[in-house]
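Using the working numbering, you'd call the opening residue of the first sequence number 3 and step up by one each time.
Just so you know, even glycine gets a beta-carbon here, dropped at the ideal spot from N, CA and C.
If you're wondering where the values come from, they're calculated on a predicted model, not measured in any experiment.
In what follows, a structure is listed as structure tokens, so that the remarks can point back to it.
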Amino acid sequence: MAELKFRRLTRNALPLDTVRLARFLIGCTLVHDLSGTPLAGRIVETEAYLPGDAASHAFRGETRRNRAMFLRRGHAYVYISYGVWPMLNVSSEEEGTGAAVLLRALEPMAGLEEMPRGPNRIRDVDIARGPGRLARALAITLAHDRADLCGPGPLFLAAPVRKAGPILTTTRIGITKDAERPLRFIEAGSPYLSGSRRLNAG
DNA sequence: TCACTGATCGTCT
DNA sequence: GACGATCAGTGAG
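Structure, rendered in structure tokens:
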């Protein structure tokens, strides 16, 4: 297998706007370099959680848990969902503004053999489909909360290896407040998306 | 393929 | 004391 070279994204490359960042990240690469064995995938699905958004964890202001959402854009916000699953977000605004982009699905690109797959033999197409499985596949834990994804650390964002196709917009998944807003972004036709086929058809 | 349900626990009210 | 930005398993069509 050919070695893939990952070019780290600088913070300046990230749009300073939550919706624009959520679209920008489609096609970009997420890399977790574990002692020379990179786990990596193309981002194919994101959701935006805006300032003043009732569905956002930052809606009621800064707390111990959501502090990373208030860091400068490009930092990891990791929290545990349903007591079990870590979820990875990217902070998306200026320091002091609580907003983030949730990474919901990856097209696996490197380190497939090394990725944690859970109790059963999950198919490659499902290994990073959904935010909980995405974090599991890339070995992301609460320890990565507040990590700088534009810094020199092992977990980082990288430039697209292959350009993204057309991007569709849909409603977000799994929320009850502000559920109608079109703030979920997907690469059209990708087989690696979470959510129902109907929702992904646009 | 879709609909429904139980598991599970940190965080905030 | 209640509530999830979910997943995996089950059963029906």
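Closest by C-alpha distance to A160, out of A102, E95, G43, is G43. By the Cβ criterion, the stretch 14-22 is not in contact with the stretch 137-147, since fewer than three pairs of Cβ atoms, one from each stretch, lie closer than 8 Å. In the three-state scheme derived from DSSP, where H, G and I count as helix and E and B as strand, R131 is classed as strand.
Between the alpha carbons of V86 and A15 lies a distance of about 33 Å. The Cβ neighbour count for R75, taken over all protein chains shown within 10 Å, is at least 16; the residue is labelled buried. Short of 8 Å from the beta carbon of E97, and not among the five residues preceding or following it, lie these beta carbons of its own chain, in chain order: F72, L73, R74. In this structure, the straight-line span from the alpha carbon of P17 to that of A139 is close to 27 Å. P88 sits buried, since 16 or more C-beta atoms from the chains shown fall within 10 Å of its C-beta.
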